[in-house]
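Residues 0 to 250 (numbering that gives the first Met the number 0) are what the sequence shown spells out, left to right.
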Amino acid sequence: MFDSPLTLTILFFGGLLAGTMDTIAGGGGIITVPLLFSFPITSLQVFGTNKFQSTFGSFSATFNFFIKGKYKIKLLIGVFFTAIGSFFGAYCVGIVPSDILRKIVPFMLYSIAIFLYFYKNYGIEKKEVKMNENLFYLLFGLSIGFYDGFFGPGTGTFWAILFVHFLGMDLREATINTKLMNFTSNIIPLMFFLSKGSVLFLPGIAMASGQFLGGFIGAKIVLKKGAKIIKPILIFIAIVLATKLIIDSWF
Numbered sequence: 000m001f002d003s004p005l006t007l008t009i010l011f012f013g014g015l016l017a018g019t020m021d022t023i024a025g026g027g028g029i030i031t032v033p034l035l036f037s038f039p040i041t042s043l044q045v046f047g048t049n050k051f052q053s054t055f056g057s058f059s060a061t062f063n064f065f066i067k068g069k070y071k072i073k074l075l076i077g078v079f080f081t082a083i084g085s086f087f088g089a090y091c092v093g094i095v096p097s098d099i100l101r102k103i104v105p106f107m108l109y110s111i112a113i114f115l116y117f118y119k120n121y122g123i124e125k126k127e128v129k130m131n132e133n134l135f136y137l138l139f140g141l142s143i144g145f146y147d148g149f150f151g152p153g154t155g156t157f158w159a160i161l162f163v164h165f166l167g168m169d170l171r172e173a174t175i176n177t178k179l180m181n182f183t184s185n186i187i188p189l190m191f192f193l194s195k196g197s198v199l200f201l202p203g204i205a206m207a208s209g210q211f212l213g214g215f216i217g218a219k220i221v222l223k224k225g226a227k228i229i230k231p232i233l234i235f236i237a238i239v240l241a242t243k244l245i246i247d248s249w250f
């Protein structure tokens, strides 16, 4: 099924596009999850393989931002609480129903898109800090980490907006910090999927190769173009992701 060169090439380019897009504004799963669902494999294998390949994209972007000196030591507090939150989120998969999130999250994403569209300068320049950093990482590291481990869609969008709103960052800095949090909350659930044997390595490696390159390309775009390119893409991704979730959940 996955041993065809054409199939592996398609998976590679799917990962490449998703990795680039995900680094800039999130939402790479819009591409990778439907792509994996096009093959006759189980839902658990789809989500396990998707988490495997997306981890390489977030690692690539995070590593590129790291070697450019873009991360502050205080972010480790966020990494710590995000890891804890994602652990409990992953643990609850299959135990706690996610139906209510599937219905609520799309409207949250639409609200973010509308807000960003009408507030033209939001996220373009740095603003005043509205919350203590330690408290911010405690509250949102646990909650968004749990959400990503348990459900996931829109995590990058939520992190970016929270960084902008509460810590006064522009979207460029917020996006850079978001990738570190994404990488953290990808690793823990991946361990669960690996322990259950739910990762298909051949398609996963093909997509991961594309993701790794896409994360590198996306990181270069973020560093070079900044908030002005991130914002319109973020609005677009939020709308597309919300629409997909509504179609999947309501119809």
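No residue lacks a Cβ here, since even glycine has one placed at the ideal position from N, Cα and C.
Computed from a predicted model, the values in this text were never measured in an experiment.
* In terms of alpha-carbon separation, which member of Val-92, Glu-124, Ile-76 and Gly-122 lies closest to Met-190? -> Val-92
* List the endpoints of the continuous alpha helix (DSSP H) containing Asn-131. => Asn-131 -> no alpha helix (DSSP H), and no H or E assigned at all.
* **Residue from Pro-39, Leu-34, Gly-18 and Ile-83 with nearest C-alpha to Ala-143** => A small fix is needed here, since residue 143 is Ile in this sequence, not Ala. Comparing Cα-Cα distances from Ile-143 to each of Pro-39, Leu-34, Gly-18 and Ile-83, the minimum goes to Ile-83.
* If you run the structure through DSSP and keep just helix, strand and coil, what is Ser-248? -> helix
* Cβ pair Tyr-266, Leu-179 closer than 8 Å -> Only positions 0 to 250 of the chain appear in the structure, and residue 266 is not among them; the question remains open.
* Cα separation between Gly-213 and Phe-64? -> 14 Å
* Asked: Are the stretch 88-107 and the stretch 195-204 touching, with three or more C-beta to C-beta distances below 8 Å?
  -> no
* Asked: Closest by CA to Asn-131, which one among Pro-33, Lys-73 and Trp-249?
  -> Lys-73
* Asked: Quick one: what does DSSP say Ser-197 is sitting in, helix, strand or coil?
  -> coil
* Can you tell me which of the three DSSP states Phe-1 falls into? => coil
* Just the Cα atoms here: how many angstroms apart are Gln-44 and Lys-50? -> 10 Å
* To do: Using alpha carbons as the reference points, say which of Phe-117, Gly-148 and Ile-111 lies closest to Phe-86.
  => Gly-148
* Does the Cβ of Glu-172 have 16 or more other Cβ atoms within 10 Å, making it buried, or fewer, making it exposed? -> buried
* Are the stretch 9-17 and the stretch 159-174 touching, with three or more C-beta to C-beta distances below 8 Å? -> no
* Look up Val-95 in the DSSP assignment and say whether it is helix, strand or coil. => coil
* To do: Indicate the three-state DSSP secondary structure (helix, strand or coil) for Gly-153 in the structure shown.
  => coil
* To do: Label Leu-166 either buried or exposed according to how many other C-beta atoms from any shown protein chain fall within 10 Å of its C-beta, with 16 as the threshold for buried.
  => buried
* Asked: Does the Cβ of Asp-169 have 16 or more other Cβ atoms within 10 Å, making it buried, or fewer, making it exposed?
  -> buried
* Per-residue DSSP class, three states only, for Lys-230 -> helix
* Asked: In terms of residues, what are the limits of the alpha helix (DSSP H) holding Ile-72?
  -> Element bounds for Ile-72: n/a, residue is neither H nor E.
* Would you mind reading off the limits of the alpha helix (DSSP H) that contains Phe-38? => First-last for Phe-38: undefined, no H or E at that position.
* In angstroms with no decimal places, state the Cα-to-Cα distance between Thr-54 and Leu-233. => 20 Å
* Among Gly-25, Tyr-116, Val-104 and Phe-145, nearest to Gln-210 - alpha-carbon criterion -> Gly-25
* Asked: If you compare alpha carbons, which of Phe-182, Asp-247, Thr-242 and Phe-192 is closest to Asp-21?
  -> Phe-182
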